[in-house]
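One structure below.
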Amino acid sequence: MDPLYGIPDVPARLAVVYMLARRLERLECGVDGADAEQYLFIVQCLTEALAAVRADRALYELLDDFPAARELYENLHYRRAGLCCSPQREAAQAARLAADAILRIRHRCDAPPPWQRAAGRRKAR
0 MDPLYGIPDV PARLAVVYML ARRLERLECG VDGADAEQYL FIVQCLTEAL
50 AAVRADRALY ELLDDFPAAR ELYENLHYRR AGLCCSPQRE AAQAARLAAD
100 AILRIRHRCD APPPWQRAAG RRKAR
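Under numbering that gives the first Met the number 0, the first residue of the sequence shown carries the number 0, and numbering increases by one thereafter.
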């Protein structure tokens, strides 16, 4: 860690990205307050900083620590890379949960709606 700035061991070329990503994360989590103009300024500065650095393992490791910055990076590079930073395990789990929910809904749809079940019971009496 750099004792002067309190930055963990990140390459010097990523120091600005680190500081802006940290600031954005604090804004997203509600730790720091900011108005819309300040928030937009941080996002614009981070956008420019991300555009100026080479995409490599060090950048991806840094982005893993800051979900808001990772999402911004993905949005900026979606055309070329898609959701390249999104954890695959989480995406697979979300897909499984969605599939399970769809199956549960389909199963419920196979049964008659509650108002039809109640009408059928009244006729049987």
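All C-beta atoms, glycine included, are put in the ideal place defined by N, C-alpha and C.
Whole-number beta carbon distance between residue j and residue i, since they are thought to touch under 8 Å
i: L49; j: L23; result: Actually they are not in contact, since the Cβ atoms of L49 and L23 sit about 11 Å apart, beyond 8 Å.
i: V42; j: L13; result: Not a contact, Cβ separation roughly 18 Å.
Beta-carbon proximity of residue i to residue j, cut-off 7 Å
i: A35; j: A68; result: no
i: Y17; j: L71; result: no
i: P10; j: A57; result: yes
i: A33; j: L26; result: yes
Secondary structure of residue i, DSSP reduced to three states
i: M18; result: helix
i: D64; result: coil
i: R53; result: coil
i: V42; result: helix
i: D34; result: coil
i: D8; result: coil
N- and C-terminal bounds of the alpha helix (DSSP H) containing residue i
i: C28; result: Looking at the DSSP string, C28 is not in any alpha helix (DSSP H), and its letter there is neither H nor E.
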